[in-house]
């Protein structure tokens with residue numbers, strides 16, 4: 014009898030610990046989501062905005078140096094680099110919190126991701142409802158990494 018009671022107590026303790034572990038994992042995933050969102054906003058509101066201002070100023074400068082054989086190619090290269098930097102930053106920010114994932118869900122975001130892959134990818138995914146945001150985010154990044162590793 015005593016052994017059975019001890020086993021039951023240990024089982025209850027184990028169940029409590031597993032619930033605590035699952036809750037802790039959920040908090041970690043949610044904290045990572047919040048942090049990704051914060052970084053995305055900082056990139057958009059900070060570095061990206063500053064690069065856009067530089068891009069606009071370079072476009073104005075390109076008009077002013079048009080016809081100058083020495084300055085025009087220099088400004089054109091700087092403009093091209095600035096445009097590339099803005100685009101790189103946009104891709105980076107979108108990768109942190111893909112807008113399609115937030116707005117339309119996992120299935121649409123994954124289909125978009127596979128559509129951009131250099132090789133054809135056949136995605137079979139059936140979801141009858143949206144999953145919790147933390148689950149969608151985790152699943153998206155697992156699948157995105159798998160796609161990256163296979164191509």
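In the working numbering, the protein residues as written are 14 to 164. Virtual Cβ for every residue (Gly too), placed ideally from N, Cα, C. Keep in mind it's a predicted model, so treat the numbers as computed, not measured.
- Of the other Cβ atoms in all chains shown, 16 or more fall within 10 Å of the Cβ of residue 106; this residue is therefore buried.
- Taking C-beta atoms as the reference points, residue 160 and residue 120 fail to come closer than 8 Å.
- Shown here, residue 147 sits in a helix according to DSSP, grouped into three states.
- If you ignore the 5 residues before and after residue 21, its C-beta comes within less than 6 Å of no other C-beta in its own chain.
- Distance between residue 17 and residue 151, taken at the CA atoms: about 40 Å.
- For the 8 Å CB-CB criterion, residue 85 and residue 79 form a contact.
- In the DSSP assignment, residue 118 falls outside any alpha helix (DSSP H) and carries neither an H nor an E.
- Within a 10 Å sphere around the beta-carbon of residue 149 sit 16 or more other beta-carbons, which makes this residue buried.
- In the structure shown, residue 110 adopts coil according to DSSP, grouped into three states.
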